[in-house]
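K.L.:
In structure tokens:
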């Protein structure tokens, strides 16, 4: 058995389609944090893809659907679950709790490349949903010098426009 590098995901178990899904969960406040979704929580479905395929067009199951049940996941904390539920509300499909996120990939002729594309797509969606909320804007006021400069510019511009008027129309 070969030694595994520290920090690399464990290899897939027999009968498992793929290893765990690693989602960056840091946001701006905590870089480097990673959410690990175990491979057994991911559900894969394969079907025939439309589009190009040549001789094997109707024989290969190259279209890939990757689903993950947010409600039944053991990888999330309560805070993460609430944040993701709120942000992914429009993406949920059926399931026992109705909180299943599904992505499909069929742009490649190879099932393997479509699997990789589906994993990347799901990772991007979950990373965006896990990202920390943006900071609230703190309102600021313009400085006194900036206000004075703006007024001087307005007076100067007004004088230029008055000089363009025909004589006798000045107030």
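Residue numbers (the working numbering): 249 to 419.
Don't be surprised by glycine CBs; every beta carbon is placed ideally from N, CA and C.
Computed from a prediction, not measured in an experiment: that's the story for all the values here.
1. By the DSSP assignment, the beta strand (DSSP E) with residue 352 in it spans what residues?
2. Could you pull the DSSP bridge partners for residue 291 from this structure?
3. Give the DSSP-derived three-state secondary structure of residue 324 in the structure shown.
4. Let me make sure I understand the geometry here. Which of 285, 408, 311 and 272 has the alpha-carbon closest to that of residue 365?
5. Rounded to the nearest angstrom, how far is the Cβ of residue 351 from that of residue 336, given a contact under 8 Å?
6. Can you round the beta-carbon distance between residue 321 and residue 289 to whole angstroms, since I take them to be within the 8 Å contact cut?
P.N.:
Taking the structure as given:
1. Segment 348–353, the beta strand (DSSP E) holding residue 352.
2. Note: residue 291 sits in a beta bridge opposite 315.
3. Residue state, collapsed to three classes: coil.
4. When only C-alpha atoms are compared, the closest one is 311.
5. Contact doesn't hold; Cβ gap of about 11 Å is too wide.
6. 6 Å between Cβ atoms; contact.
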